[in-house]
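Enquirer: Protein chains in written order, with the working numbering: chain A, -1 to 290; chain B, 8 to 317.
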Amino acid sequence: MSTVVDTAPVPPEPAPGPVLQPRRRRRPVRSVVLFLAMIVIALVMLYPFYFMVDTSLRSQDQFLHGGGHSFASWSILNQALPWSRQLLNSTIVCTASIAIILFVSSLAGFAFAKLRFRMSGFVLLAVIAAMLIPVQSIIIPVYVNVARVHLLNTYAGAVIVYAALGTPFATFLMTAYYRSIPDDVVEAGIVDGLSYGAVFRRIALPMSVPALVTITVLQFIQIWDDLLVGLLFLQNPDQRTITVGLGALAAGRTTDIPVLMAGSLLSAIPAIAVYLVFQRFLINGLTAGIGK
Amino acid sequence: MSHTPLVLDPAESIPAPLRRQRSALERKRARAGLILAAPAVGLVALVLGIPIIQAGYYSMTDWNGLTATWIGPSTYLHEFQNPIFWRVLQNNALLLLAVPVAVAIPLGIAFLLNEKVAGWQVFRSIYFLPTAISWVVIGMVALRFFAAEGTLNSLLSSFGLGFLHTDLLSDEHQALLAVGLTFIWSMLGTNTIIFLTGMATLDQSLAEAARVDGASTWQILTRITLPQLKRFIQFATVLTLISAFTALFSLIFVMTGGGPGFGTTTLEFFVYQTAFARGAFGTGAMLGIILFAIMVVIGLAQLRLLRTED
Chain A
-1 MSTVVDTAPV PPEPAPGPVL QPRRRRRPVR SVVLFLAMIV IALVMLYPFY FMVDTSLRSQ
59 DQFLHGGGHS FASWSILNQA LPWSRQLLNS TIVCTASIAI ILFVSSLAGF AFAKLRFRMS
119 GFVLLAVIAA MLIPVQSIII PVYVNVARVH LLNTYAGAVI VYAALGTPFA TFLMTAYYRS
179 IPDDVVEAGI VDGLSYGAVF RRIALPMSVP ALVTITVLQF IQIWDDLLVG LLFLQNPDQR
239 TITVGLGALA AGRTTDIPVL MAGSLLSAIP AIAVYLVFQR FLINGLTAGI GK
Chain B
8 MSHTPLVLDP AESIPAPLRR QRSALERKRA RAGLILAAPA VGLVALVLGI PIIQAGYYSM
68 TDWNGLTATW IGPSTYLHEF QNPIFWRVLQ NNALLLLAVP VAVAIPLGIA FLLNEKVAGW
128 QVFRSIYFLP TAISWVVIGM VALRFFAAEG TLNSLLSSFG LGFLHTDLLS DEHQALLAVG
188 LTFIWSMLGT NTIIFLTGMA TLDQSLAEAA RVDGASTWQI LTRITLPQLK RFIQFATVLT
248 LISAFTALFS LIFVMTGGGP GFGTTTLEFF VYQTAFARGA FGTGAMLGII LFAIMVVIGL
308 AQLRLLRTED
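#1: Taking all protein chains shown into account, decide if valine 121 of chain A is buried (16 or more other Cβ within 10 angstroms of its Cβ) or exposed.
#2: Run through chain A and tell me which residues come within less than 7 Å of methionine 147 of chain B, C-beta to C-beta.
#3: For my contact list, isoleucine 138 of chain A and alanine 62 of chain B are in at a C-beta cut-off of 8 Å; report their separation, rounded to the angstrom.
#4: 8 Å is my cut-off, CB to CB: does valine 51 of chain B come that close to chain A?
#5: Using a Cβ cut-off of 8 Å (strictly closer), state whether threonine 93 of chain A contacts chain B.
#6: Which residues in chain B sit within 8 Å of phenylalanine 115 of chain A, going by Cβ to Cβ distance?
#7: Just mark threonine 271 of chain B as buried or exposed, buried being the case when its beta carbon has 16 or more other beta carbons within 10 Å.
#8: Measuring only the C-alpha atoms, how far is leucine 213 of chain B from threonine 232 of chain B?
#9: What do you reckon, are the CB atoms on alanine 168 of chain A and isoleucine 90 of chain A nearer than 8 Å?
#10: Have a look at phenylalanine 75 of chain A and phenylalanine 49 of chain A and give me their C-alpha separation to the nearest angstrom.
#11: Quick check on DSSP: helix, strand or coil for threonine 285 of chain A?
#12: List the DSSP bridge partners of tryptophan 77 of chain B.
#13: Give the DSSP-derived three-state secondary structure of isoleucine 179 of chain A in the structure shown.
#14: By how many angstroms is the C-alpha of proline 137 of chain B removed from the C-alpha of threonine 173 of chain B?
#15: Between serine 88 of chain A and chain B, is there a C-beta pair that is closer than 8 Å?
#16: Does chain A have any CB closer than 8 Å to the CB of methionine 302 of chain B?
#17: Going by beta carbon distance, what residues of the same chain come within less than 7 Å of valine 272 of chain A, once the five residues before and after it are set aside?
#18: With a CB to CB cut of under 8 Å and the five nearest residues on each side skipped, what residues in its chain are close to valine 157 of chain A?
#19: Please list, in chain order, all residues of the same chain as threonine 281 of chain B whose beta carbon is under 7 Å from its beta carbon, the five residues on each side excluded.
#20: Strictly under 8 Å for the Cβ-Cβ distance: is alanine 155 of chain B near chain A by that measure?
#21: Between the Cα of threonine 253 of chain A and those of A:Ala78, A:Trp72, A:Ile37, spot the shortest distance and give me the residue it belongs to.
#22: Compute the distance between the beta-carbons of methionine 259 of chain A and serine 54 of chain A, then report whether it is under 8 Å.
#23: Once DSSP output is grouped into helix, strand and coil, what is the label at arginine 25 of chain A?
#24: Can you confirm whether alanine 154 of chain A, when its beta carbon is compared against all beta carbons of chain B, has any partner nearer than 8 Å?
#25: Tell me whether glutamine 237 of chain A is buried or exposed, calling it buried when 16 or more other Cβ atoms sit within 10 Å of its Cβ.
#26: Label tyrosine 83 of chain B either buried or exposed according to how many other C-beta atoms from any shown protein chain fall within 10 Å of its C-beta, with 16 as the threshold for buried.
#27: Taking contact to mean at least 3 C-beta pairs separated by less than 8 Å, is the segment 105 to 121 of chain A in contact with the segment 172 to 183 of chain A?
#28: Can you check whether the C-beta of arginine 238 of chain B is within less than 8 Å of a C-beta belonging to chain A?
#29: Could you work out which residues of chain B lie near aspartate 223 of chain A, taking near to mean beta carbons separated by less than 9 Å?
#30: May I have the straight-line CA-CA distance separating alanine 40 of chain A from arginine 131 of chain B, to the nearest angstrom?
#31: For a minimum of 4 consecutive residues, which ranges assigned as the alpha helix (DSSP H) are wholly contained in the segment 179 to 234 of chain A?
#32: Please list, in chain order, the chain A residues whose beta carbon lies closer than 7 Å to that of serine 132 of chain B.
#33: Which residues, in order along the segment 172 to 192 of chain B, keep a beta-carbon less than 7 Å from a beta-carbon of chain A?
#34: Starting from proline 90 of chain B and walking both ways along the alpha helix (DSSP H), at which residues does that stretch end?
#35: Skipping 5 residues on each side, what residues in its chain have a beta carbon closer than 8 Å to that of glutamine 226 of chain B?
#36: On the premise that threonine 273 of chain B lies in contact with asparagine 121 of chain B, defined as a C-beta separation below 8 Å, what is that separation, rounded to the nearest angstrom?
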């Protein structure tokens, strides 16, 4: 296509500048300037991490009066924040919620993409539209409902809420993914005498591993980092996730900044680790909503 | 969908008995579909669908979590006369000013990265890193950054600008600026990645052709590159807009608790405060419904934009 345009010798309108020769030559000065600009931005983005590391390696006294480093704050962190317990809580809540999300969204995605039933288009639309509902709009009735069935301050209560909040987007993603698998693949399985459930388990599900990983990474970060749901549904300090524990500690207006920073850093490390390993999947999930 | 018009529709060539078999198969398929979709639909209906209807009902009562007396739609009119409600909405409106900034800066950063100078992939990873961090943690650091004896002031004085000494967070009319700046910072990574993804899809030949035709860099940017990125700019804008309305709870909770006064109380934070600090569940539910209505408007506007493009 471009070759046609390339042969047109006369510009449609006169170029405004005197520059007419082709650009895009390698210009070392320009590269250096760009590189420096990128360094500056990197410093801005990395500042919080530097601040957390530096501050957590000071005692309260060293932080306030600006001298020296020590592990004092790390050694008393456990008194302010039962972090080992709370890291475990975060892991339990994340694992259970993500397991439910993966289970229901892969089944539903397969159903919406390949097993169209009466009104399935409408139902899918309703599920996806639920993405528009902000947590704050439903949190009060949900809180009261969960209290009524005696699931307040249990992992189960928080897990159900997290799972439901993650399901619309996960279902959207899985449906889009299964739609990209040709119908023939499913038909062939049926012709070979498999049930629809078996086709899902043995053919479709193994093919959708990348989408499942994307959902897992996205939801892990979402749930691990959440404050509001945990704050309301897990009010017992021994059940709190690390992020909620930290949020509650900060709201108590703790004045020991180095301890808070040690806790912050600790709570961020698992999410950073997941990010570094699965960056590509996170990006996929983030941009999946754009469509084509 | 099919682009092979010369091939006969396979359904037409199937003899009658086979077709009956096929419809039995179709019934079986539909049943399987219903069963497989049920858990997801049930979960969403139970925890999102029914509660939003409950919220709609309770928004017209004086619910305290246990008992509710029906009042009617006048609860809304009553709230619209509450000056604090408008103060809160004003905070939301002011935060909207951050949205264009939170979209424009990442667009610039993405262009920078897209030059693919040595090491750009490492920089990309660094810029995207904050996306993994909880806003609780970000808020905690931001609190120290903006504090009277915090990093911002030491930066200012080290540049000889000590007279600009700030204490944004303890001023009712400036605290929102600190929250807004933190919000912009938090969105940088996400939006940059969205634009980088968009730039990877660009049709380079168009820009090259224009260049050969003598178009200036500015012309290429505004007439070719940006229009091609339109979908991505739109997506980033909507995402940022939705975040501004619904994702700042943790940040506000940690940084200001909504104060000083109502200086940083946004609608989403007001829902929480009203219901769980004041125990006014009915009013909280109503504020939640108003927030939901705003989201629906944004959603419909986005849908409309997408439609007009086609």
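The beta-carbon is built from N, C-alpha and C at its ideal position, and this holds for glycine as well.
Expert: Reading off the structure:
#1: By the 10 Å Cβ count, valine 121 of chain A comes out buried.
#2: Ordered by position in chain A, the residues that pass the 7 Å Cβ test against methionine 147 of chain B are Ala248, Leu258, Ser262.
#3: With a Cβ gap of about 7 Å, isoleucine 138 of chain A and alanine 62 of chain B count as contacting.
#4: It does; some Cβ of chain A falls within 8 Å.
#5: It does not; no Cβ of chain B falls within 8 Å.
#6: Within chain B, the residues near phenylalanine 115 of chain A are Arg36, Ala37, Arg38, Gly40, Leu41, Ala44.
#7: It counts as buried.
#8: Each residue's Cα considered, the two are about 9 Å apart.
#9: Going by C-beta atoms, alanine 168 of chain A is not nearer than 8 Å to isoleucine 90 of chain A.
#10: What sits at residue 75 of chain A in the sequence shown is leucine, not phenylalanine. C-alpha separation (whole angstroms): 17 Å.
#11: Assignment of threonine 285 of chain A by DSSP, reduced to helix, strand and coil, places it in the helix class.
#12: Within the DSSP secondary-structure output, tryptophan 77 of chain B pairs in a beta bridge with B:Thr68.
#13: Isoleucine 179 of chain A: coil per DSSP, three-state reduction.
#14: The C-alpha of proline 137 of chain B is placed about 25 Å away from the C-alpha of threonine 173 of chain B.
#15: Not one chain B Cβ lies under 8 Å of serine 88 of chain A.
#16: Closer than 8 Å to some Cβ of chain A, the Cβ of methionine 302 of chain B qualifies, so yes.
#17: Hits under 7 Å: Val215, Phe218, Ile219.
#18: Closer than 8 Å at the Cβ level, and outside the excluded window around valine 157 of chain A, lie Val91, Ala94, Ser95, Ile98.
#19: The residues are Ala287, Thr290, Gly291, Leu294.
#20: For alanine 155 of chain B, the answer is no, since every Cβ of chain A falls outside 8 Å of its Cβ.
#21: Cα-wise, what sits closest to threonine 253 of chain A is A:Ala78.
#22: With contacts defined as CB atoms closer than 8 Å, methionine 259 of chain A and serine 54 of chain A qualify as a contacting pair.
#23: Reduced to three states, the DSSP call for arginine 25 of chain A is coil.
#24: By this cut-off, alanine 154 of chain A is not an interface position.
#25: Buried, because 16 or more other Cβ atoms sit within 10 Å of the Cβ of glutamine 237 of chain A.
#26: Tyrosine 83 of chain B comes out exposed.
#27: Short answer: they touch.
#28: Interface residue, yes.
#29: The answer, in chain order, is Ala139, Ile140, Ser141, Trp142, Val143, Val144, Ser257.
#30: Near 9 Å, if we compare the C-alpha coordinates of arginine 131 of chain B and alanine 40 of chain A.
#31: As far as the segment 179 to 234 of chain A is concerned, its whole alpha helix (DSSP H) runs of at least 4 residues are 181 to 189, 194 to 197, 207 to 222, 226 to 231.
#32: Correct list: Gln277.
#33: Taking a C-beta cut-off of 7 Å against chain A, none of the residues of the segment 172 to 192 of chain B qualify.
#34: Residues 90 to 103.
#35: Once the five neighbours on either side are set aside, the close Cβ partners of glutamine 226 of chain B are Ala217.
#36: No, asparagine 121 of chain B and threonine 273 of chain B are not in contact; Cβ-Cβ is about 34 Å, not under 8 Å.
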